[in-house]
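Presented below is the structure to which this report refers.
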Amino acid sequence: MTRAWILLAGALIVVAGLSLITPIASISELRRTDPELAWMLVQELRLPRTLLALGHGAVLGMTGAALQATFANPLASPDITGSSSGAALGAVAGGYWLGITGPLALAACGAAGAGLALAALFAIAGRRSETATLLLAGVAIALAAGAGTSLLLALAPSPFAFYDSFEWLMGSFVDRSLPQAAAALVPAALACGLLARRAKALDMMALGDDVAASVGFQPRRLAMEVVVLTAIAVGACVSVCGAIAFVGLIAPYAARSLTRGHPGRALIPAACIGAILLASADLLVRLAPAGRAIPVGVITTAIGTPLFIWIVAKMRRTVTS
Amino acid sequence: MTALLNATAISVDGRLSRTDLHLRLPQMIAVIGPNGAGKTSFLRALAGIEATTGSVAIDEEVIAHAPPSRRMRLMSFMPATRNVVWPITARDVISLGLPSPDPARVEALIDVLELAAISERPVNHLSTGERSRVLLARALAARPRLLLLDEPLSNLDPFWVLRVLEIVRAETQTSGSSALVSVHDLNQVAAFDRVLLLDRGGLVADGAPQDVLNSSALSQAFRIEREGSGWKIREPA
Chain G
3 MTRAWILLAG ALIVVAGLSL ITPIASISEL RRTDPELAWM LVQELRLPRT
53 LLALGHGAVL GMTGAALQAT FANPLASPDI TGSSSGAALG AVAGGYWLGI
103 TGPLALAACG AAGAGLALAA LFAIAGRRSE TATLLLAGVA IALAAGAGTS
153 LLLALAPSPF AFYDSFEWLM GSFVDRSLPQ AAAALVPAAL ACGLLARRAK
203 ALDMMALGDD VAASVGFQPR RLAMEVVVLT AIAVGACVSV CGAIAFVGLI
253 APYAARSLTR GHPGRALIPA ACIGAILLAS ADLLVRLAPA GRAIPVGVIT
303 TAIGTPLFIW IVAKMRRTVT S
Chain L
329 MTALLNATAI SVDGRLSRTD LHLRLPQMIA VIGPNGAGKT SFLRALAGIE
379 ATTGSVAIDE EVIAHAPPSR RMRLMSFMPA TRNVVWPITA RDVISLGLPS
429 PDPARVEALI DVLELAAISE RPVNHLSTGE RSRVLLARAL AARPRLLLLD
479 EPLSNLDPFW VLRVLEIVRA ETQTSGSSAL VSVHDLNQVA AFDRVLLLDR
529 GGLVADGAPQ DVLNSSALSQ AFRIEREGSG WKIREPA
């Protein structure tokens, strides 16, 4: 485990460093002609981008791990429960219809959307539902939220809404300011800090609600706390950099192999792995031809889909055998 | 002498009417009753899981006010379901029963419940009987003052039924604790010091095994009666 921690920390530092300096050509060019501008480029453009990629990745990893522990299901994650789509709907409604421009207020809209999606999931599927029920309910909510988002964009007062949002909705960290990054990451960090404190309780929930309750944890309250904190963290991040699929599924899955299967202890490793994954995906995106932007979500989905199918196939085997 | 357990006026809406239970001496107590009599509700209410009213104190410490690490030393509950979703190893599941790490204790339980061969296997891949033993070890781990075991003998083969009774007996004797064990098989009841009979959400008999087994309350609750050394269905009156 200690070796795993060192590896994770090392990878985080490398990815963060690479994210700040890639592509190196423009920085070294500027350093020769205008060193001050080179510094500004790193500080004003690369720094918020790096922080957001790492932060959003960490949020997806940790909330994914918390949701999976809460729903006792390795497939629950911010995207599959519909909370990411709900956050996008909330942010679009706030930004294009309510005319909200303040990043913090938009983050609140995102959190409200994510919270509504999770509340709907509870209402439709319940917490200890079968995998199929959970997935179908999540898919239904994600599809409905997606359609709602499209409708709001199509009818938005601004004719450019659809065009603006294409890049944002599938995930992008380009051209975000430091205040925007702060609006996403400060609430997210607070929520994640509180989530991390539930690790022990979530481990006990692995033995079932009754055992957790007999020890003095309150399963229902714990589930509500996880939902609210997840909504805040995911909503704030999605409102600034869009909904990104599969990181919240992959990261906890990988993290649990480091914690010998314990779902609660996996929270912090999942955050580290999520941060590394998403920042790496954002590095890959920079290989796109000049003038063309590839949404980060395309990369994470390309990597995540096979893994998702593999987990589903494995679960089917354990259920039928 | 202080009371080991003072449960007053515990109840669960619709399933358990107001019930009191007081224990002074360390004892092994069987909880019996027909299906749906309220055995599980009774144990869950004592464990502080869903009691709608009443209070439970162990060694005069109210469990509702005890933090998790303390509560694990006061009482443990083993539910009737043996489901564990996550692939946690048997050894780690046992450790979850401890408020602070104690590898020697885990090792001793692995030994006594003969789990060495499966201790590194994920618990969700074990047979139900094996999982029962692992979950029992989890419940015993912190040497709690009160053990609440819901059907620990179901899913076990005859050897393990007898062995688990022995192990629980030894645990209660060495640590001076008590165990409340819900049991379906009336043949096992003789191994206990005291028997509580529940019917329709209420306590209807409480006494030594032979007295309760021969009581009319038991024959009424289960709708069976003695026939030689066995039982037969009671003729409708």
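Top line first, the protein sequences correspond to chains G and L.
Taking this note's numbering, the leading residue of the first sequence gets 3, the next gets one more, and so forth.
Taking this note's numbering, the leading residue of the second sequence gets 329, the next gets one more, and so forth.
Where is the CB? At the ideal position from N, CA and C, for every residue including glycine.
Name, please, each residue of chain G whose Cβ falls closer than 9 angstroms to the Cβ of residue i.
{"i": "arginine 399 of chain L", "result": "Ser216, Val217, Gly218"}
{"i": "arginine 372 of chain L", "result": "Asp212, Ala215, Ser216"}
By the DSSP assignment, the beta strand (DSSP E) with residue i in it spans what residues?
{"i": "threonine 72 of chain G", "result": "Here threonine 72 of chain G belongs to no beta strand (DSSP E); instead the alpha helix (DSSP H) covers 49 to 73."}
{"i": "glycine 382 of chain L", "result": "381 to 386"}
{"i": "glycine 558 of chain L", "result": "558 to 561"}
{"i": "arginine 346 of chain L", "result": "344 to 351"}
{"i": "alanine 282 of chain L", "result": "A query on residue 282 of chain L cannot be resolved here, the shown segment of chain L reaching from 329 to 565 and no further."}
{"i": "serine 404 of chain L", "result": "403 to 406"}
{"i": "arginine 130 of chain G", "result": "That residue, arginine 130 of chain G, is in no beta strand (DSSP E); it is neither H nor E in DSSP."}
{"i": "alanine 295 of chain G", "result": "Segment: none, alanine 295 of chain G is in no beta strand (DSSP E) and carries neither H nor E."}
{"i": "isoleucine 552 of chain L", "result": "552 to 555"}
{"i": "serine 506 of chain L", "result": "506 to 510"}
Out of the options, which one is the CA nearest neighbour of residue i?
{"i": "alanine 268 of chain G", "options": "G:Thr72, G:Leu286, G:Leu289", "result": "G:Thr72"}
{"i": "threonine 409 of chain L", "options": "L:Ser557, L:Val359, L:Gly457", "result": "L:Gly457"}
{"i": "glycine 84 of chain G", "options": "G:Val314, G:Gly293, G:Trp312, G:Phe248", "result": "G:Phe248"}
{"i": "glycine 115 of chain G", "options": "G:Gly150, G:Ala134, G:Thr103, G:Thr133", "result": "G:Gly150"}
{"i": "leucine 572 of chain L", "options": "L:Pro429, L:Ser428, L:Leu464, L:Asp430", "result": "Only positions 329 to 565 of chain L appear in the structure, and residue 572 of chain L is not among them; the question remains open."}
{"i": "alanine 304 of chain G", "options": "G:Val217, G:Thr232, G:Met172", "result": "G:Met172"}
{"i": "glycine 88 of chain G", "options": "G:Val298, G:Ala235, G:Cys274", "result": "G:Ala235"}
{"i": "proline 265 of chain G", "options": "G:Arg222, G:Phe175, G:Ile15, G:Ala74", "result": "G:Ala74"}
{"i": "valine 489 of chain L", "options": "L:Leu514, L:Pro472, L:Pro450, L:Ser505", "result": "L:Leu514"}
{"i": "proline 395 of chain L", "options": "G:Leu118, G:Ser216, G:Pro80, G:Gly97", "result": "G:Ser216"}
{"i": "arginine 239 of chain G", "options": "G:Ala193, G:Glu227, G:Arg130, G:Leu251", "result": "It should be pointed out that residue 239 of chain G corresponds to cysteine in this sequence rather than to arginine. Checking every option, the nearest Cα to that of cysteine 239 of chain G belongs to G:Ala193."}
{"i": "glutamine 516 of chain L", "options": "L:Leu484, L:Ser503, L:Thr347", "result": "L:Leu484"}
{"i": "alanine 375 of chain L", "options": "G:Asp211, G:Ala233, G:Trp41", "result": "G:Asp211"}
{"i": "aspartate 177 of chain G", "options": "G:Leu47, G:Tyr98, G:Asp81, G:Arg33", "result": "G:Leu47"}
{"i": "proline 50 of chain G", "options": "G:Gln182, G:Arg130, G:Gly250, G:Pro37", "result": "G:Gln182"}
Taking 7 angstroms as the threshold (C-beta atoms), are residue j and residue i in contact?
{"i": "glycine 425 of chain L", "j": "alanine 365 of chain L", "result": "no"}
{"i": "alanine 122 of chain G", "j": "isoleucine 143 of chain G", "result": "yes"}
{"i": "alanine 55 of chain G", "j": "alanine 281 of chain G", "result": "yes"}
{"i": "valine 540 of chain L", "j": "leucine 526 of chain L", "result": "no"}
{"i": "threonine 65 of chain G", "j": "leucine 22 of chain G", "result": "no"}
{"i": "alanine 272 of chain G", "j": "alanine 283 of chain G", "result": "no"}
{"i": "valine 421 of chain L", "j": "arginine 466 of chain L", "result": "yes"}
{"i": "alanine 198 of chain G", "j": "isoleucine 301 of chain G", "result": "no"}
{"i": "isoleucine 357 of chain L", "j": "valine 511 of chain L", "result": "no"}
{"i": "methionine 403 of chain L", "j": "leucine 474 of chain L", "result": "yes"}
{"i": "serine 241 of chain G", "j": "glycine 112 of chain G", "result": "yes"}
{"i": "leucine 349 of chain L", "j": "alanine 335 of chain L", "result": "yes"}
{"i": "isoleucine 278 of chain G", "j": "valine 17 of chain G", "result": "yes"}
{"i": "glutamate 555 of chain L", "j": "arginine 562 of chain L", "result": "no"}
{"i": "valine 390 of chain L", "j": "serine 397 of chain L", "result": "no"}
{"i": "alanine 245 of chain G", "j": "alanine 90 of chain G", "result": "yes"}
{"i": "valine 229 of chain G", "j": "leucine 77 of chain G", "result": "no"}
{"i": "leucine 224 of chain G", "j": "alanine 253 of chain G", "result": "no"}
In the DSSP assignment, the alpha helix (DSSP H) including residue i goes from what residue to what residue?
{"i": "arginine 419 of chain L", "result": "418 to 423"}
{"i": "cysteine 117 of chain G", "result": "The sequence given here places glycine at residue 117 of chain G; cysteine does not occur at that position. Its alpha helix (DSSP H) spans residues 105 to 127."}
{"i": "phenylalanine 164 of chain G", "result": "163 to 171"}
{"i": "isoleucine 252 of chain G", "result": "249 to 260"}
{"i": "phenylalanine 370 of chain L", "result": "367 to 374"}
{"i": "arginine 497 of chain L", "result": "486 to 503"}
Going along chain L in order, which residues have a C-beta closer than 9 angstroms to the C-beta of residue i?
{"i": "histidine 264 of chain G", "result": "Trp414, Ile416, Asp420, Leu424"}
I want to verify the contact list: residues of chain G whose CB lies under 7 angstroms from the CB of residue i, in sequence order.
{"i": "threonine 409 of chain L", "result": "Gly210"}
{"i": "proline 396 of chain L", "result": "Val217, Gly218, Phe219"}
{"i": "isoleucine 377 of chain L", "result": "Asp212, Ala215, Ser216"}
{"i": "proline 450 of chain L", "result": "Gly263"}
Can you list the residues of chain L that residue i reaches, using a CB-CB cut of under 8 angstroms?
{"i": "aspartate 205 of chain G", "result": "Leu424"}
At the 7 angstroms Cβ level, is residue i part of the contact set with chain B, yes or no?
{"i": "phenylalanine 405 of chain L", "result": "No chain B is part of this structure, whose protein chains are labelled G and L."}
What does residue i reach in chain L if we use C-beta pairs closer than 7 angstroms?
{"i": "alanine 74 of chain G", "result": "Val413"}
For residue i, does the count of other Cβ atoms within 10 angstroms reach 16, so buried, or fall short, so exposed?
{"i": "phenylalanine 370 of chain L", "result": "buried"}
{"i": "leucine 387 of chain L", "result": "Per the sequence shown, residue 387 of chain L should be read as aspartate rather than leucine. Exposed."}
{"i": "threonine 322 of chain G", "result": "Only weak support exists for where threonine 322 of chain G lies, its pLDDT of 42 falling under 50; the coordinates are left without a value."}
{"i": "valine 413 of chain L", "result": "buried"}
{"i": "alanine 125 of chain G", "result": "exposed"}
{"i": "lysine 367 of chain L", "result": "buried"}
{"i": "proline 472 of chain L", "result": "buried"}
At a cut-off of 6 angstroms, would you count residue i as near the ligand GDP, judging by its Cβ distance to the nearest heavy atom?
{"i": "leucine 289 of chain G", "result": "For the ligand GDP, the structure offers nothing, since it holds no ligand at all."}
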